[in-house]
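Mapped onto the UniProt record's numbering, the consecutive letters of the sequence shown carry residue numbers 1 to 150. Ideal placement from N, C-alpha and C gives every residue a C-beta, glycine not left out. Read through the structure below, which is laid out as structure tokens, and then see the notes.
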Amino acid sequence: MKVSDILLLKGSTLYVAQADDALADAVALMAEKDIGSLVVMEHGDVVGMLTFREVIQATVKNGGSFGSSRVRSAMDDAPLTCTMETELDEVRRMILDRHARYMPVMDKRMLMGVVSLYDVAKAVVDSQNFENKLLKAYIRDWPEQETPNP
């Protein structure tokens with residue numbers, strides 16, 4: 001299974017923030033849309049990722065408030081990325097190695113989507129459930145073996 005398969009099932013809705021947006025506005029968008037991340041853009045390029053992890057760190061750093069902080073000051077400016085052709089096993093390894101929860105999907109410099117740890121876990125479970133159903137159907141339809149008479 002590839003990242004393109006996950007995005008096909010997930011859909012193409014993307015939420016982004018600009019690097020110079022107010023952090024408070026970005027967090028409000030995350031809350032309104034009930035999402036855990038925003039891809040950060042600048043001049044049409046992906047320049048970072050803002051997740052609830054970075055928001056919490058920035059809030060603590062600012063004494064419990066956002067103040068006049070900008071997204072740029074809180075974002076991860078070197079997020080993991082993958083392509084549409086990246087295999088699911090590779091995405092799982094990358095996410096686990098880096099403790100990432102969200103990964104932008106790129107086609108050269110174009111943002112194609114975002115896959116989350118949830119998306120990856122769901123794809124794995126769905127795949128295992130499908131394989132399990134196939135095995136059960138195979139076993140159910142297996143012809144009964146005749147026992148020879150001695």
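**Study point:** Where residue 136 falls: helix, strand or coil (DSSP)
**Key:** Along the sequence shown, read from residue 1 onward, the residue named residue 136 stands at position 136. Shown here, residue 136 sits in a helix according to DSSP, grouped into three states.
Check your understanding: How would you call residue 113, buried or exposed, if buried means at least 16 neighbouring beta carbons within 10 angstroms?
Key -> Numbered from its first residue, the sequence shown carries residue 113 at position 113. Buried, by the Cβ-count rule.
**Study point:** Proximity to residue 79 [Cα-Cα], best of 125, 94, 56
**Key:** In the sequence shown, residue 79 corresponds to position 79, counting from 1. For residue 79, the closest alpha carbon among the candidates 125, 94, 56 is that of 94.
Check your understanding: How is the alpha helix (DSSP H) around residue 94 delimited, first residue to last?
Key -> In the sequence shown, counting from the first residue as 1, residue 94 sits at position 94. Element bounds for residue 94: 88-98.
Practice item. Note down the Cα distance separating residue 64 from residue 58, rounded to an integer number of angstroms. Key: Here residue 64 corresponds to residue number 64 of the sequence shown, with the count starting at 1. Here residue 58 corresponds to residue number 58 of the sequence shown, with the count starting at 1. The straight-line gap from Cα to Cα measures roughly 8 Å.
Check your understanding: Apart from the five residues just before and just after residue 47, which ones in its own chain have a Cβ nearer than 6 Å to its Cβ?
Key -> Translated into positions along the sequence shown, residue 47 becomes position 47. Taking residue 47 as the centre and dropping the five residues before and after it, the same chain places the C-beta of 19, 40 closer than 6 Å to its C-beta, in chain order.
Check your understanding: Can you tell which of 121, 108, 84 has its C-alpha closest to the C-alpha of residue 12?
Key -> On the sequence shown, residue 12 is found 12 positions in, with the first residue counted as 1. Of 121, 108, 84, the residue nearest in Cα terms is 84.
**Study point:** residue 122 versus residue 102: straight-line alpha-carbon distance, rounded
**Key:** Taking the sequence shown and counting its residues from 1, the one referred to as residue 122 is at position 122. Taking the sequence shown and counting its residues from 1, the one referred to as residue 102 is at position 102. So the alpha carbons of these two residues sit roughly 14 Å apart.
Check your understanding: Nearest-angstrom Cα distance between residue 139 and residue 32?
Key -> Here residue 139 refers to the residue found at position 139 of the sequence shown. Here residue 32 refers to the residue found at position 32 of the sequence shown. Rounded to whole angstroms, residue 139 to residue 32 spans 48 Å at the Cα level.
Point to revise | C-beta contact flag for residue 71 and residue 28 at 8 Å | key: Sequence index remark: in the sequence shown, residue 71 carries index 71 (1-based). Sequence index remark: in the sequence shown, residue 28 carries index 28 (1-based). Cβ distance not < 8 Å, so residue 71 and residue 28 don't count as in contact.
Check your understanding: Any idea what DSSP makes of residue 38, helix, strand or coil?
Key -> Counting from 1 along the sequence shown, the entry for residue 38 is found at position 38. Strand at residue 38.
Point to revise | Beta-carbon proximity list for residue 69, same chain, < 7 Å, skipping 5 on both sides | key: If you number the sequence shown from 1, residue 69 lands on position 69. Cβ neighbours of residue 69 beyond the five flanking positions: 23, 58, 62.
Review point. Quick one: what does DSSP say residue 19 is sitting in, helix, strand or coil?
Key: Working through the sequence shown from its first residue, we reach residue 19 at position 19. Look at residue 19 here: in three-state DSSP terms it is coil, with no helix or strand label.
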